[in-house]
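Chains Y and A, in that order, are what the protein sequence lines are.
Letter 99 of the first sequence, counting from 1, is numbered 99 in this note's numbering, and no numbers are missing.
Letter 577 of the second sequence, counting from 1, is numbered 577 in this note's numbering, and no numbers are missing.
Backbone N, C-alpha and C fix where the C-beta goes; we use that ideal spot for every residue, glycine too.
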Amino acid sequence: MRRKNIDLVVICLLALLTFYLALGKAGGPDPTNNLPLWFTPIGLLMVILIPGYALIAALSPQTDWVATLLLSLVLSLSIDILSALALNLTPWGLRPISWAILLGTLTLILSLSAAFRRRNNIERGTVEKVLSPFLTWKNGLIFGCAAIVVAIGIGLVLQNESKVRIAFTQLWALPAAENGKYVVNIGINNLERQTMNYDLYADEDGVKVQEWPKIVLAPGQTWTGQISFLERPSSVVRLSLSLLDAPSKIYRMVQIDPASFDLVITPTPTAIAP
Amino acid sequence: MRLTKMKGQKNRASFLFSIKRYLLFPLQWPDLFPTEGQIPDWGKFPLICLVASLGVWIISIGYVLARDGNSTGGESLFWLGLAIIYIPVTIRLLSKDLRRGEVIGMLFVIALCTYLVRYLGGPAFFTAFDEFLHWRTAYDILSTQHLFTNNSLLPVSPLYPGLESITAALVSLTSLDIVQAGLAVIGVSRLVMILGLYLLFEQMTKSTRTAGLAVLIYTGSSTFLYFDSQYGYETLALPLAVVAIYMLVRRVSSYGWSYWIWTILSAITIFAIVPTHHATSYALIGFLLLWTCTDLYVQWQGGPAYNPFEFAAWLILLCLIWIATAATITIQYLTPIVGGALQSAVGLLTGQSVIRQLFVNSAGQGSAIYERIFAYGSVLIIVLIIPFGLWQWWLRYRGQSISIALAIAVLVYPALPLMRLSSGAWELSDRMSGFIYIAVAYIVALGMIELPLPARFSEFRKWFACVAVFIIFAGGIAAGSSPQTRLPSPYRPAAEELSIDRENIAAAQWAQAVLGPNNRMAGDRTETILMGAYGTQRMITSSSDNVSISGLFLDDTVTPSDQLIISEAGIRYLVVDFRISTVLPILGYYFESWEQLITPYVPPINNLVLEKYDHVRGASRVFDSGDIVLYDVGALQNAP
């Protein structure tokens with residue numbers, strides 16, 4: 001009697017675990033996910049399989065195992081879509097905590113009603129029936145080999161993708177007005193394959209303003225600097241970056257027009273349509 | 001002499017008997033349709049799985065070669081790998097000792113392998129153009145925690161947030177990022193599509209073999225391998241629609257409580273399609289209305305009533321409410337696309353439009369000869385087999401209202417290849433194939449299972465079916481994707497997906513980190529999607545802002561009209577990828593589609609034209625990564 005509801009017990013436990021973790025760790029406004037990595041498979045099931053499975057269990061339409069799998073997936077996706085519309089109407093919106101509460105509550109209610117409907121049914125054990133002819137040593141060996149072959153293929157592609165990654169250096173300069181001064185915030189990001197030695201030279205209409213003769217950056221490392229002006233520059237401020245190996249050749253160049261000092265960066269917020 | 005004559009007469013009699021048997025009621029292969037809940041027999045599925053894994057491995061080597069610049073070797077291995085995946089499955093489907101569990105397992109392998117073909121093309125980040133448009137919508141939902149944000153890349157995308165809602169749920173409840181969550185949704189959608197089609201066809205034909213074969217034929221749709229496996233709303237909505245139809249078929253054969261259960265499940269699924277994709281909702285309305293009409297005909301003929309009209313009405317009501325409340329711009333968005341396609345098709349028929357050159361892109365690059373053979377061959381095979389399929393349908397299923405609806409829908413098929421000849425209608429033809437191929441797969445599978453050949457040619461029929469199924473599948477790939485963009489390859493400027501590399505992705509990530517989100521920015525097609533997605537900038541587009549930005553980049557100097565555009569659109573930054581000056585654009589334009597109508601790019605755009613902002617008073621060059629440069633043109637907004 002108890003064994004026939006083992007599936008419902010498992011999904012109820014997973015729903016409760018989702019509640020616990022979401023309440024404890026993901027209640028803040030930060031949209032980035034901060035649930036633990038080990039929870040990822042459970043979170044995946046909570047979104048793409050479990051709510052639909054609970055609904056199928058509660059309604060018990062006459063289906064075989066493949067239709068149950070299909071309907072569980074489709075109804076979970078449908079529940080997610082309709083849940084998003086419902087959550088959008090609430091002041092909390094689509095946060096991890098609201099997803100966890102809505103999907104978890106639905107799963108618990110549907111599981112309880114499924115248990116109630118199953119009270120007079122005989123034991124099911126569909127999963128064992130489907131998998132039993134499948135789970136043999138021979139099949140395990142064949143599937144293991146297939147998985148290894150596919151994994152090698154994926155590994156080859158991933159390795160090749162990182163190998164052909166192109167290398168470059170980013171240079172930027174942004175004008176700003178701070179505490180009555182006119183400043184240029186400068187940055188260099190080394191995205192080359194090796195450590196680079198740079199020479200950065202700043203001039204205003206050909207007249208040297210400042211120079212950073214040896215900037216050494218490891219791959220992935222960023223350097224930032226600043227030039228300050230007491231008065232607004234009257235002509236273009238140019239920054240030329242060259243490599244120490246080839247000092248006469250300009251590797252990267254940025255320049256600031258005096259008019260740009262009057263502007264500040266004012267990104268427009270993401271507007272919500274009425 | 002007499003013996004030879006008798007033998008000849010006997011052969012003729014045997015042949016005539018075969019034809020008679022075919023015309024009346026043939027069923028030459030033993031078939032089975034097990035009762036539900038039967039213990040599955042997995043047959044040769046594990047072995048098929050192993051062979052298919054070798055196919056995937058060969059494709060991955062092809063991708064590696066292609067990325068290293070050996071496109072010929074890459075293409076060869078790509079097609080070889082697909083053949084290794086598909087042909088054994090087809091052979092097994094046409095074998096006598098077929099079992100249901102084995103068919104389902106093999107279709108699962110097809111779903112997984114076709115998913116891997118897409119995944120291996122860009123395992124780390126999205127690669128298709130449309131994927132970036134929906135990435136931005138998903139990002140905005142996650143950052144605002146609400147639906148219906150503005151997306152200048154594709155204004156209609158946030159108004160149909162089904163796909164992005166599921167992505168947001170996955171990102172919220174797992175440690176996945178948007179790309180990983182999106183890939184998970186694509187994988188699930190692919191599985192749902194394959195299983196949904198199988199169960200639908202099985203329910204209709206009561207034949208495991210026919211259903212399996214029909215699913216394989218469906219994969220020959222030009223949208224199956226690429227367009228409907230990208231991170232886009234149709235990828236999710238189409239499988240939902242297929243399963244909704246399956247639920248309705250189950251509903252009509254149920255009674256009592258079971259009938260109401262299927263009614264509830266169908267209503268929920270149909271409801272979920274409405275906020276997911278406009279075109280799929282409207283296609284489903286069309287099909288349900290057609291099904292209603294055929295059901296009325298069946299009733300008139302004295303058959304049972306299984307009318308799905310209440311669901312057509314339910315869907316129409318939901319769509320109207322959705323358009324009136326949330327997605328008000330849908331009609332405005334779809335009208336020019338459909339209207340333009342129809343106008344172009346009519347122009348072609350009346351001789352006012354020029355016939356589009358097939359298998360050659362705007363940069364003059366053509367497809368290989370074998371790809372053309374696949375494409376023409378698939379059309380020929382389908383057109384030849386449809387009459388046989390219709391005959392089988394007439395013999396066996398003409399009393400089934402949904403079968404009549406599919407038989408009518410298949411008559412649209414000949415229009416699809418013809419629409420490809422029109423420059424304005426080929427894209428609509430491509431999109432329609434995902435829907436029409438459901439009917440094509442059903443009818444062609446019926447025709448292929450019972451080809452009118454004597455029994456002694458059964459081996460020939462088996463091999464013909466194998467080759468035909470593979471050509472249909474390969475023809476769909478050749479028609480639905482360009483050989484230049486199909487496989488990963490070294491960076492190529494002005495070439496859609498191939499123009500995405502680490503440098504322009506890094507520039508977009510820099511813009512988000514240093515400039516902050518939602519600065520008003522303009523650039524070429526590739527920079528627009530990258531800056532709009534990974535850079536989270538507010539990109540200026542003609543669809544969203546009603547301004548044309550091409551002149552800002554194409555004019556030799558900054559003209560007063562350019563300054564007016566900068567001022568009116570409030571453009572703060574221009575992003576320029578100087579590599580576009582080295583080649584012709586693959587689509588015929590760099591920035592906006594109207595360029596191809598008035599500007600033949602021979603030679604490519606001049607580098608000096610692109611760098612004119614270095615010499616414009618009021619413009620600052622604020623970012624330089626070698627090929628990508630950002631200009632701050634905010635001061636030009638107020639320039640006299």
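For a test of the three-state rule: what should DSSP assign to residue i, helix, strand or coil?
| i | result |
| --- | --- |
| ASN151/A | coil |
| ASN504/A | helix |
| ILE316/A | helix |
| ALA26/Y | The pLDDT assigned to ALA26/Y is 48, lower than 50, so where the model puts this residue is not dependable; a value taken from the coordinates is nonetheless given after this. Correct three-state label for ALA26/Y: coil. |
| GLU178/Y | strand |
| LEU217/Y | strand |
| THR222/Y | strand |
| LEU17/Y | helix |
| ASP295/A | helix |
| ARG372/A | helix |
| GLY232/A | coil |
| HIS278/A | helix |
| LEU248/A | helix |
| THR350/A | coil |
| ALA241/A | helix |
| GLU592/A | coil |
| ASP555/A | coil |
| GLN509/A | helix |
Using the DSSP secondary-structure output, state which residues sit across from residue i in a beta bridge.
| i | result |
| --- | --- |
| ARG238/Y | ASP203/Y and GLN255/Y |
| SER620/A | ASP632/A |
| THR169/Y | ASN190/Y |
| TRP212/Y | LEU200/Y |
| ASP577/A | ILE628/A |
| SER228/Y | VAL183/Y |
| ARG538/A | ARG520/A |
| ILE250/Y | SER242/Y |
| VAL360/A | GLY366/A |
Below 6 Å CB to CB, which residues in the same chain sit around residue i once its five sequence neighbours on both sides are set aside?
| i | result |
| --- | --- |
| LEU55/Y | LEU75 and LEU110 |
| ASP7/Y | none |
| GLY389/A | ILE443, VAL444, LEU446 and GLY447 |
| LEU159/A | ALA326 and ALA327 |
| LEU171/Y | ILE188, LEU241, ARG252 and VAL254 |
| TRP212/Y | LEU200 |
Name the chain A residues whose beta carbon is nearer than 8 Å to that of residue i?
| i | result |
| --- | --- |
| MET253/Y | ARG621 and ASP624 |
| ASP262/Y | ALA635 |
What residues from chain A crowd round residue i, counting only those whose CB sits closer than 9 Å?
| i | result |
| --- | --- |
| CYS12/Y | By Cβ distance, chain A contributes nothing, its closest Cβ being about 17 Å from CYS12/Y, past 9 Å. |
| PHE39/Y | LEU173, THR174 and SER175 |
Please work out which residues of its chain come closer than 7 Å, Cβ to Cβ, to residue i, disregarding the five sequence neighbours upstream and downstream, and give them in chain order.
| i | result |
| --- | --- |
| SER157/A | LEU133, HIS134, THR137 and ASN151 |
| LEU71/Y | GLY52, ILE56 and THR63 |
| GLN221/Y | ASN190 |
| LEU238/A | MET193, ASP228, THR280 and GLY434 |
| LEU265/A | MET247 |
| ASN519/A | GLN537, ARG538, ARG572 and TYR573 |
| ALA83/A | PHE470 |
| GLN637/A | ILE566, SER567 and GLY570 |
Give me the chain Y residues within the contact set of residue i, using Cβ-Cβ distance strictly less than 7 Å, ordered along the chain.
| i | result |
| --- | --- |
| GLY232/A | By Cβ distance, chain Y contributes nothing, its closest Cβ being about 15 Å from GLY232/A, past 7 Å. |
Mind pulling the chain A residues with CB within less than 7 Å of residue i?
| i | result |
| --- | --- |
| PHE143/Y | PRO46 and CYS49 |
| TRP99/Y | ALA169, SER172 and LEU173 |
| PRO149/Y | Per the sequence shown, the amino acid found at residue 149/Y is Val instead of Pro. In chain order: SER53, LEU54 and TRP57. |
| PRO96/Y | SER172 and LEU173 |
Could you check how far apart the C-beta atoms of residue i and residue j are, in whole angstroms? I think they sit under 8 Å.
| i | j | result |
| --- | --- | --- |
| ALA218/Y | ASN179/Y | Between ASN179/Y and ALA218/Y the Cβ distance is about 33 Å, and since that is not below 8 Å, they are no contact. |
| LEU120/A | TYR63/A | 5 Å |
| VAL575/A | ILE529/A | At roughly 11 Å, the Cβ-Cβ gap does not stay under 8 Å, so VAL575/A and ILE529/A are not in contact. |
| ILE61/A | LEU77/A | 6 Å |
| THR646/A | THR219/A | Only positions 1 to 640 of chain A appear in this structure, which leaves residue 646/A out of reach. |
Skipping 5 residues on each side, what residues in its chain have a beta carbon closer than 8 Å to that of residue i?
| i | result |
| --- | --- |
| LEU263/Y | PRO175 |
| LEU176/A | LEU170 and ALA184 |
Compute every distance between the C-beta of residue i and the non-hydrogen atoms of the ligand FMN, then say whether any falls below 7 Å.
| i | result |
| --- | --- |
| THR149/A | The ligand content of the structure shown is nil, which means the ligand FMN is not present either. |
Closer than 9 Å by beta-carbon distance: list the chain Y residues that pair up with residue i, in chain order.
| i | result |
| --- | --- |
| TYR115/A | Here the premise fails: no neighbours, minimum Cβ distance about 11 Å. |
Which residues of the segment 483-517 of chain A have a Cβ closer than 9 Å to any Cβ of chain C? Give them in chain order. Within the model displayed, chain C is absent; protein chains Y and A are what it includes.
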